[in-house]
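Input: a single structure, listed below in structure tokens.
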Amino acid sequence: MQQGNFYFLTGQYQVFYEQARKAETYLQTDAEICAIVCRKSLEEMVRWMFDTDRQLDVIHDEDENTLNALMYKPGFTYLVGRQLLTDITAIRRTGNLAVHSDRHKKTTTKDAYTCLINLHAFAQWLVSFYGDTIYREPFKASKIQEEEAVEVAAAIKKEIEVLAEEPLADAVAETATGIEYHSPSEKLTRELYIDILLKEAGWIVGEANTVAEYPLKHSEAGADRADYVLFGNDGKPLAVVEAKKTTVDGRDKGLGQAKRYADALEKEFGRRPIMFVSNGFEHNIWDDLHYPYRQVYGFYCKEDLETLMNRRLIEKPLSGQSVNTTIAGRYYQIEAIQRAKEALDGHRRDLLFIMATGSGKTRTAAAMVDVLTKTNKVKRILFLADRTPLVSQAKNAFNDYLPQLTSVNLTKDKTSDQVRMVFSTYQTMINQIDNEFDGERRLFTTGYFDLIIFDEVHRSIYQKYKAIFNYFDGIRLGLTATPKSETEKDTYDLFKLEAGVPTFSYELNKAVEDEFLRPPAALSVPLKFLRQGIKYAELSPEDKIKYEETFATSEDDIPDEIDSAALNEWLFNEDTVNKVLQLLMDKGHKVNNGDTIGKTIIFAKNQKHANYIANCFNHLYPQLKGHYLQVVTHSSDKPEAAIDLFKQADKMPQIVVSVDMLDTGIDVPEILNLVFFKPVRSSSKYWQMIGRGTRLCPDVFGIGLDKKDFYIFDFCGNIEFFGDNPAGVEPGLTVSLTQRVFLLKVELAVTLEKFVADDELNEYRTSLLNELHQEILLLNQDSFVNRQHLRLIIAFADRNHWNSLTEDKLRDLKKNIVPLLINSDPDFDARKFDAIAYRLMNAYLNDDKNLNKFITIVKDTATSLLKQTTIPQVAAKKNLLLSLTNDAFWQNISIPRVEHIREEIRELMKFIEKENQAKIYTNITDELTGEITLMDIIVPYVGLDTYNKRVASFIRKHENYLAISKIKTNQPISTDELEQIKSLLFEEEPEAAEHLDEILKGRDFIAFIRSIIGLDAVAAKALFAEFINRPGTTAPQMTFMDTLINYLTNNGTIDRSMLFDRPFTDINQQGVSGVFKDEDTVKIISIIDGFNQSSNIA
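Quick note: the sequence shown, position 189, residue 189 per UniProt numbering, numbers continuous.
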């Protein structure tokens, strides 16, 4: 007699029976082999289905032949349904972990038992669906014991008996087949998910270092057990895990229970463990010696937890670690690090530095890493950027600054546990997280990195790669050059900061004032066509002929104008490009005694535009032999080599034309000219482009002739745009065609809810919801990105969840689910037609005015297809296509009719000949519409108060007069020079002589002048150099000094009483005495008194 729970497989499915019975037998002797055989048995059954059932998708190639790929085929997921797919996914994952590990006995009896229940459920469903008899018996552990001659260890036998007491879930029928089967209990499934997550972090339940149901000796609750305790190599607990039901928020009671367990373990072992609380979907970590609890997306591995424990012993105070000034020695870089140190000492984990391009963000970050590694605050560091050249550049810089730390560029090489610094693009890291394993453990666990540095962080980056921001649990340092007033609120939210209050900021205006960066001389060039388009009526007779020859249609229609957006998109006008190049070559900064244009970047609109610029340049300047200007884009051959040549002052090219590639990251101090030959609307990109020219460059024009500024030639109105719209318009997250079609179907399903009484429409709505449900089943739950939304994925994987689409559900779909969708249909053209059809249906149901527009698109599509009737598939639909072109057809429009059109036409779309917008090249005379204007794009750091408008106006107007300049810079002047100033003043403003005493209000004339023009910042800093450059200066002291310098720069002088009033009391209520020690306070007041009393007359 056949034995065991799988008896129903004998006969027709004998091969399946033998494998399943083998797995059942191994439960009693080797849980690991049991799990492996369960997976093998599952794979044989699934492959049999694809070989037998012609309704399932055909396997095209080897990549589609894996068990995981087969399980997520649409036809398969539809048949088995959400619950059964979840159950057999657990078999696959547990079996995979068993196969790929070289550890012995890593799979627990509980894991194997759960796999057997799931395999039993799937086998019953398969036989019931494809056979003649319905089987729905629950799995019984007692049947396993019937196996003859098997000697079962008492402990294993007892464990199986305990597991058998756990009731199975009620019989369910959630598949398209309606066949019932029994799943494991919620408790077993939840524990299996937690066990799998633990295994991915290297914790094998059942091994000596991973103990489930650990008895606690010192619990306040008396007899108590911790769900899991994770032990270190020294035999002491590293962490305790509290497992809660999937239906509850683990933080509600779980944190309290976890704390009770930690208290008991601390009493037993003398060391407090880290606490985790998990319900299988959401996980929280709590190291209550350092931080509040926080959400994480997985468990720490043993090495990560041991690092945390060791850090308790070896971590040094950040306040005692000085900054390595050979890496970052400027005052503001030191202040940035000091502010970061104090934030970290205040138990913050998120830092944001806003620093102008060229001010040394990378240096500052490297010096920060130096401080954190020397104090043992961090061990491993991850640096993320959005482009490969930026990753390479950052790695090279860090290697120079911190040669003692091993590093790797993941875009080029593999890493190892010995590497301290990892540099990567966001996309490379996403792939690495999911695909790189160390045995059964993910290589990059959630706790792998102690510090993550995000380069040029802004909305477009974290919207696209938010999963990485969430996944890694280290300290986060964001770097950006976008001014703090224009940095999006979302960026501050991401780093848990108040909007407009970064950890530290040092912006372009301040850097220019400090003479650490050079300002732009921004020239707005109103070239007509780029701003106004080409208007036929305004052209010369000769150019009208060219216009007619170029743009006349076959019916001899001539458009009135060509919009400016067409320029350099599909219309390339030679005279426009020539005028841009000639103006650059004529007006741009030059080197080599004026013989050579300085290093220049031209920002082009697209690749064809860039190539056209190069062609025009070589035509204008053939004597330069093609080396002078070079196109450097992602499409170029070896672009990084070209950039390296551009960086060398004595090498060609002098001019590079870039499309996006050089907008950020490139560091070339010799750049003297930037050409904005494209419209820009992103504030972050705009400031990054400006930043290409801001770096200092000594001797660029010759010995002693340093770079003072750089030119921006703006031909596209960008300066004016950002003058009116400082925050710009940031691009939204790109929605793929697959995602767009999904949302259109959701919108249509919501609209159809209003027509529930219409059986035909209701049936169509049901079919739509079935299709949407199937797309959710395709989401891979093993992906770390998808796991961050696992609860929602599982909810929407339940078909019943779709029946009523509430506002909350729609919000969850749009915000969290849609970005995860993958393309399951390779026919792009067909999906484009799907989008048109669904938009047409929505417009019809909502009486939308755009209905006729979508009908016209379908009619035009049919007309295009009728030109391809030599193709058999198209010829077969000729009658339908002819009907679609007839207006009468659309008089009886209905949803079923449009759906029929969609189904019939979508497969034909690939046969339509692509009609790309032809590129047009012309040579119509362009012109300037006004003067080239020098624009001020840097907002002054502080404004100046005036005491008497007319006198103040005179002083400011003559600020560069030598004697006044000396007063501003605190240099001695003679009595004669002072009298000359008064003479000039009285000559221009005679009334000033009569009212001078009233104007001065008891001040001497020098102090009065300083009150108008302020004190030079360099001179002000020189007065307090002792305090600014002193090692160990605290952040409040730095803020105080910065405020004092700004005040002097603004007002020229300060009364000592002001040190105990606002703005200084905003730093500390006691003013200067609350920030500095008494002896320092006295010294600061003494400096101010001496400065105020000195007329500084030679």
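Ideal Cβ positions, reconstructed from N, Cα and C, are used throughout, including at glycine.
Since the structure is predicted, the reported quantities are computational estimates derived from the model, not experimental observations.
Length of the line joining the Cα atoms of residue i and residue j
i       : j       : result
ASN310  : ARG740  : 50 Å
ILE712  : LEU583  : 12 Å
PHE1024 : THR482  : 30 Å
GLU513  : LYS361  : 18 Å
TRP48   : ILE794  : 27 Å
GLN55   : PHE833  : 25 Å
LEU768  : LEU372  : 54 Å
ALA35   : LEU116  : 8 Å
GLU207  : ASN5    : 29 Å
GLU32   : THR109  : 8 Å
GLY943  : GLN295  : With a pLDDT of only 28 at GLY943, under 50, the local geometry of the prediction cannot be trusted, and the value read off the model is given with reservation. Roughly 45 Å between the two C-alpha positions.
TYR947  : LEU1048 : In this predicted model, TYR947 has a pLDDT of only 32, less than 50, meaning its place in the structure is not dependable; the value taken from the coordinates is given anyway. So the two alpha carbons sit approximately 16 Å from each other.
PHE1076 : ARG349  : 28 Å
ALA749  : ASN68   : 30 Å
LYS587  : ALA521  : 12 Å
THR929  : ALA649  : 36 Å
ALA367  : VAL422  : 16 Å
LYS316  : LYS374  : 8 Å
LEU624  : GLN654  : 11 Å
PHE551  : PHE742  : 39 Å
TRP802  : THR766  : 9 Å
Where residue i falls, given that 16 or more other Cβ within 10 Å makes a residue buried
i      : result
LYS919 : exposed
SER983 : exposed
GLN12  : exposed
ARG787 : buried
ASP111 : buried
ASN568 : buried
PHE516 : buried
TYR261 : buried
VAL657 : buried
MET882 : The residue you asked about is not Met; residue 882 is Leu in the sequence shown. When all chains shown are included, LEU882 counts as exposed.
ASP227 : buried
HIS627 : exposed
ALA90  : buried
Residue(s) in a DSSP beta bridge with residue i
i      : result
PRO520 : PHE710
VAL741 : VAL741 is not bridged to any residue.
GLY259 : In the sequence on display, residue 259 carries Lys and not Gly. Paired residue(s): none; LYS259 is not in a bridge.
ASP350 : ARG476
ALA239 : LEU230, ILE274
GLY728 : SER682
THR445 : DSSP, once it has assigned bridges, lists no residue as partnering THR445.
VAL656 : ILE601, GLN630
ASP438 : ARG441
ASP224 : LEU216
SER883 : Paired residues: none, contrary to the question.
Beta-carbon gap between residue i and residue j smaller than 8 Å
i       : j       : result
PHE353  : LEU477  : yes
THR664  : GLU456  : yes
LEU27   : TYR113  : yes
ALA797  : LEU777  : yes
ARG1010 : THR1065 : no
LEU402  : ASP370  : yes
ARG441  : LYS379  : no
Any non-hydrogen atom of the ligand SAM within 7 Å of residue i CB
i      : result
LYS236 : With respect to the ligand SAM, the structure shown offers nothing to examine, as it has no ligands at all.
- Message: When you compare the stretch 9-29 with the stretch 85-100, are there three or more beta-carbon pairs, one atom per stretch, that lie closer than 8 Å?
- Response: With a cut-off of 8 Å, the stretch 85-100 and the stretch 9-29 do not count as touching, because too few Cβ pairs lie within range.
- Message: Does the stretch 663-679 come into contact with the stretch 688-700, if we say contact requires no fewer than three beta-carbon pairs (one atom in each stretch) closer than 8 Å?
- Response: Taking 8 Å as the limit for Cβ pairs, the verdict is that the stretch 688-700 does touch the stretch 663-679.
- Query: Should the stretch 295-309 be called in touch with the stretch 337-345, which here means at least 3 C-beta pairs below 8 Å?
  - Reply: With the cut-off at 8 Å, the stretch 295-309 and the stretch 337-345 do not touch.
- Query: Taking contact to mean at least 3 C-beta pairs separated by less than 8 Å, is the stretch 75-92 in contact with the stretch 122-138?
  - Reply: The stretch 75-92 is in contact with the stretch 122-138.
- Does the count of Cβ pairs from the stretch 673-684 and the stretch 592-612 closer than 8 Å reach three? At 8 Å Cβ cutoff, the stretches touch.
- Taking 8 Å as the threshold, find out whether the stretch 889-896 comes into contact with the stretch 487-502 through three or more Cβ pairs. Touching, no, given that fewer than three Cβ pairs across the two stretches are closer than 8 Å.
- Message: Taking 8 Å as the cut-off, does the stretch 825-841 touch the stretch 854-865 (at least 3 CB pairs, one atom from each stretch)?
- Response: Three or more beta-carbon pairs separated by less than 8 Å link the stretch 854-865 to the stretch 825-841, which places the two stretches in contact.
- Item | Given 8 Å, three or more beta-carbon pairs between the stretch 528-535 and the stretch 714-732 | At 8 Å Cβ cutoff, the stretches touch.
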